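Here the protein sequences come in this chain order: A and B.
When you number the first sequence by the numbering used here, it's gap-free, plus one each residue, and the end is 68.
When you number the second sequence by the numbering used here, it's gap-free, plus one each residue, and the end is 1867.
In this text, a Cβ means the ideal position worked out from N, Cα and C, and glycines have one as well.
Please read all numbers here as calculations on a predicted model, not as lab measurements.
Have a look at the structure below, then the notes.
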Amino acid sequence: MLVPKHEVLSKEEAEELLKILGIGKEQLPKIKADDPIVKEIGAKPGDIVKITRKSLTAGDSVFYRLVV
Amino acid sequence: MVPKRISAIKFEVLSPQEIRRMSVVKIITPETYDDDGFPIDGGLMDTRLGVIDPGLRCKTCGGKAGECPGHFGHVELAAPVIHVGYAKMIARLLNGTCSECGRILLKDERKDKFIAEIERRRELNQSYEDVVKEVFRLTKAAKKCPHCGAEQVEVKFDKPTFFYLGEHRLTPKDVREWLEKIPDDDLPAFGINPKATRPEWFVLTVLPVPPVTVRPSIILETGQRSEDDLTHKLVDIIRINQRFMENKEAGAPQQILEDLWELLQYHVTTYIDNEVSGIPPARHRSGRPLKTLAQRLKGKEGRFRGSLSGKRVNFSARTVISPDPCLSINEVGVPMEIAQELTVPIYVTPQNIEIAREFVLRSEHPKANYIVRPDGRRIRVIESNKEELAEKLEPGWIVERQLMDEDIVLFNRQPSLHRMSIMAHYVRVLPYKTFRLNPAVCPPYNADFDGDEMNLHVPQSLEAQAEAKILMAVQEHILSPRFGGPIIGGIHDHISGLYLLTRGEKKFTREEAMELLRSLDISEIPVKDEYTGKEIFSFILPDITLEFKAEICQGCEECKGAECEYDAYVIIENGKLLKGTIDEKAVGAFKGIIIDEIARKYGKERAKKFIDDMTQLAIRIISKLGFTVGIDDEDIPPEAAEQIEEVLKEAENEVNRLIEAYRRGDLEPMPGRSIEETLEMRIMQVLGRARDRAGKIAQRHLGMENAAVIMAVSGARGSMLNLTQMAACIGQQSVRGERISRGYTYTNRTLSHFKPGDLGAEARGFVRSSYKKGLSPVEFFFHAAGGREGLVDTAVRTSQSGYLQRRMINALQDLKVEYDGTVREQTSGALVQFRYGEDGVDPMRSFRGKPVDVKRIIREIVGEVKK
Ligand SMILES: [Mg+2]
Ligand SMILES: [Zn+2]
Ligand SMILES: [Zn+2]
Ligand SMILES: [Zn+2]
């Protein structure tokens, strides 16, 4: 796999995440809606995608992006 | 009082109404002072604009000089002029809108789409510049107005402030009228908020006049008044403005009016920016270009970089640095002269009033320089008033006493590239004129003593002093966040000294041992007749257990561990050095495994003490045993020189054989290389090997007792390559990683000493001489060519990395690791990382970049079990 795992968060998961971080959606890092991986997993603008990357230092590292 | 907080700052363009509204006086005359030296009403120094002369009062707010903040005035311009700063925007707008109806040159649907996109991006805190750019690109290309159908001609922008519609020159008045026609609804597509800014305001009809406090005049020694550059420029503007008005009223010919208008434009342009291309800068009578508004802000010395990001500070000192191994690493030697000038405030309380009083009464070094009364008055303490002041002293006053031993100060060396470039030291007031520091702290500052200067700052508040002691003290920085290892440690003689002490089984008598340890606070040593160097070193070690290969390890095929014949395998058990030699790997800055272990096991304080003891001990050893390098240390016996000669001759023959093979076409190309490349690589290989062999021969004859060899193998200074070049052979010189081949291109040779096309070793920059022996003229030439590349490289690299550093700092300065482990941008709260560095590890607390040192933990636990 050349592209790390991307998955769309459900509404509840998204809300939970924002609550834990104590931020609004717009403060998340962004990813373009026309990014191939975003189209692939069918995420729409406003969705949050969870990205799980292999990291040299941390094993699995989790990252989130807001689709715009 | 409720403290007021700024919640937001918005940048908008001032409208003419607003300029008039905030103005306290309309300036009507270019005169400044009357014959008696009083400011003229309605002039540029009108006292309603504020006052700078002591004694006068501001007519607007009634404040004296220093109290009055100053107030804006305004000038009514007789004719509109273009604001240079907005000229480019005006050009874009003129090209983006219809010359007839003033509408945007886009169909409404498309315009609305762009506006929606800009709005969406603005909500998401994203840049919408590229959208606006696209709008300007599309509208400029439009040939016909989609609203009224008028044909569009491109408006030519002639820098800095002129516009042409075809052949016809647009006056600022024409431009302003055109911009007035652009409807509010079209503006958002250009990135302009019509509620804040109307485009016609880019053309000035009223000019704000800054308060006199912004442009104070100075009195020269001759008693003459000298006005600020801005005042000069404003005088010019008002003078031309008046001339224009008079001429217009008198009905002067159009040509004269136009010339005056252009002159007015010139003065307003240079008043705003005196460095615009296309027009000559306005000059002072002396010929010096005037410093106008833009020049005050721009550049390194400008308001932003010079006065806000960085400024000159009080309570600081700068002088040359020199080494003092007798100081602790967290001390700094301060010259008496500096200590007498710098002060530390004592906030007088009932508890310390007697101490403060004593300082006021003293007449020698740690004495009070100033006292500050609660009303802010500063009084210099001198012999004649000290008794009176000591008498009056009471809680609430501040006594500024001279810097003395044990004060905390910040010490800094530029360039401040990492946080270890500023560390807190404790003061030791010393004679002479240089700052003194322990050479072990040279690596974090990247300092040496060839004339380096450093800065010192005295924290003034108790909070700042506490922060300095707790966060910035030198021992807090022994472990570097750069690589998770010690950055402070032994250098040069420290390493040579400990190497000499611990190598082999050197014996010292009891007297010698006590002499070596004298300056350390070791109260007793076991009674013995003789001590080995390893035992003496063990006296400064805390209880640690370590095993590692020393720097001098030869990298034997199979490491014999404790039985290593080079004494290169270090074994420390319970604070006793049993085997091995102490060198760079053990105590050096960057590598020092022992320092690392002590800092982790016993903390920074103990690590500091170890470095102090270790450096002291090393210096004493090296002074006692003696250690020196001279030119004859690189002498090699004649038979060694012969062997080297033979090796080099053989290599040159091999090179010639390769060249012959190449000429015959017999050379087998290496995979993926041309024959020429193959030849070059083979030649470089042969010559490189030859130099290495020459170096080995020289090393064999120099022996392990040679001081330069000791320094090279222990890691104290220099390398075996340096030694090879000094004693045996300098080797191939290169430019851009290749043998030197440029020179007389048309005959394909480097110098006229060679035959055309000569590819031999000598003709392409191989230097067979050693530095000791000296270079032949041809060799010297090639050496200079190779050396220059190195110089250019470093010069280019430092300037580039400096600029990169600046941009990195600007980009990263607002990022902070929050308590939940996320990295956030401070102003917008935007998330940058969900876990700092993906793994959440503080690099300073890491073990050489890794989160945990598993080996150490296991050893620690197993060790405990063994006991
Ligand atoms: Mg230097
Ligand atoms: Zn005032
Ligand atoms: Zn039109
Ligand atoms: Zn070995």
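| Check | Outcome |
| --- | --- |
| Any beta carbon from chain B within less than 8 Å of residue 26 of chain A's own beta carbon? | yes |
| Taking the alpha helix (DSSP H) that residue 17 of chain A falls in, what are its first and last residues? | 11-21 |
| Chain B beta carbons: is any one of them nearer than 8 Å to that of residue 23 of chain A? | yes |
| What would DSSP say about residue 63 of chain A, mapped onto helix, strand or coil? | strand |
| Is DSSP giving residue 1204 of chain B helix, strand or coil here? | strand |
| Restricting to runs no shorter than 3 residues, where is the beta strand (DSSP E) found entirely within the segment 1749-1833 of chain B? | 1815-1817, 1823-1825, 1831-1833 |
| Whole angstroms is fine: what's the gap from residue 1867 of chain B's alpha carbon to residue 1574 of chain B's? | Here the model assigns residue 1867 of chain B a pLDDT of 36, short of 50, so the residue's position is not dependable and the matter cannot be decided. |
| Once you ignore the five residues that flank residue 1540 of chain B on each side, which residues in its own chain have a CB closer than 7 Å to its CB? | 1520, 1610, 1613, 1614, 1617 |
| Nearest chain C C-beta to residue 1378 of chain B closer than 8 Å, yes or no? | The structure shown contains no chain C; its protein chains are A and B. |
| Taking 7 Å as the cut-off, is the beta-carbon of residue 1100 of chain B closer than that to any non-hydrogen atom of ligand 3? | yes |
| Suppose contacts are defined by Cβ-Cβ distances below 8 Å. Is residue 1190 of chain B in contact with residue 1096 of chain B by that definition? | yes |
| If we count the other Cβ atoms within 10 Å of its Cβ and call it buried at 16 or more, is residue 63 of chain A buried or exposed? | buried |
| Identify the contact partners of residue 1834 of chain B in chain A, using a Cβ-Cβ distance below 7 Å as the criterion. | 62, 63, 64 |
| Looking at the C-beta of residue 14 of chain A, does it have a partner C-beta in chain B at a distance below 8 Å? | no |
| Using a C-beta cutoff of 8 Å, does residue 1867 of chain B count as contacting chain A? | Only weak support is given to the placement of residue 1867 of chain B: the predicted model assigns it a pLDDT of 36, under 50, and the value that follows is read from those uncertain coordinates. No, its Cβ sits nowhere closer than 8 Å to a Cβ of chain A. |
| Using only the alpha-carbon positions, how far apart do residue 1232 of chain B and residue 1284 of chain B sit? | 9 Å |
| Cβ closer than 9 Å: which chain A residues qualify as neighbours of residue 1830 of chain B? | 23, 26, 27, 28, 29 |
| Considering only C-alpha positions, which residue in the set B/1377, B/1476, B/1657, B/1741 is nearest to residue 1603 of chain B? | B/1476 |
| Mind checking whether residue 1024 of chain B and residue 1049 of chain B have CB atoms under 8 Å apart? | yes |
| Is the beta carbon of residue 1740 of chain B sitting closer than 8 Å to the one on residue 1782 of chain B? | yes |
| Please tell me whether, using a cut-off of 7 Å, the distance from the CB of residue 1071 of chain B to the nearest non-hydrogen atom of ligand 2 is below it. | yes |
| In this structure, how does DSSP classify residue 1868 of chain B when only helix, strand and coil are distinguished? | Since the first residue of chain B shown is 1001 and the last is 1867, residue 1868 of chain B is not available in this structure. |
| Which same chain residues end up closer than 7 Å to residue 1045 of chain B when comparing Cβ atoms and leaving out the 5 residues on each side of it in sequence? | 1032, 1033, 1039, 1212 |
| Residue 1464 of chain B by DSSP, collapsed to three states: which one? | helix |
| Taking the C-alpha atoms as reference points, what is the distance between residue 1495 of chain B and residue 1503 of chain B? | 12 Å |
| Tell me whether residue 1047 of chain B is buried or exposed, calling it buried when 16 or more other Cβ atoms sit within 10 Å of its Cβ. | buried |
| Please state whether the Cβ-Cβ distance between residue 1398 of chain B and residue 1427 of chain B is less than 8 Å. | no |
| By DSSP, does residue 1438 of chain B sit in helix, in strand, or in coil? | coil |
| Just how far apart, CA to CA, sit residue 1237 of chain B and residue 1269 of chain B? | 10 Å |
| Can you list, in chain order, the stretches of the beta strand (DSSP E) that have 3 or more residues and sit fully within the segment 1061-1131 of chain B? | 1073-1082 |
| Determine whether the beta carbon atoms of residue 1486 of chain B and residue 1592 of chain B lie at a separation below 8 Å. | yes |
| With DSSP run on the structure shown, which of helix, strand or coil describes residue 1307 of chain B? | helix |
| Leaving out the 5 sequence neighbours to the left and right, which residues in its chain are closer than 6 Å to residue 1227 of chain B when beta-carbon positions are compared? | 1217 |
| For the beta strand (DSSP E) holding residue 1538 of chain B, just list the boundary residues, first then last. | That residue, residue 1538 of chain B, is in no beta strand (DSSP E); its alpha helix (DSSP H) goes 1533-1538. |
| Return the chain-ordered list of same chain residues with a C-beta closer than 7 Å to the C-beta of residue 1654 of chain B, the five sequence neighbours on each side being excluded. | 1686 |
| Note down, one range per segment and in chain order, each beta strand (DSSP E) of at least 3 residues found wholly within the segment 1494-1531 of chain B. | 1507-1509 |
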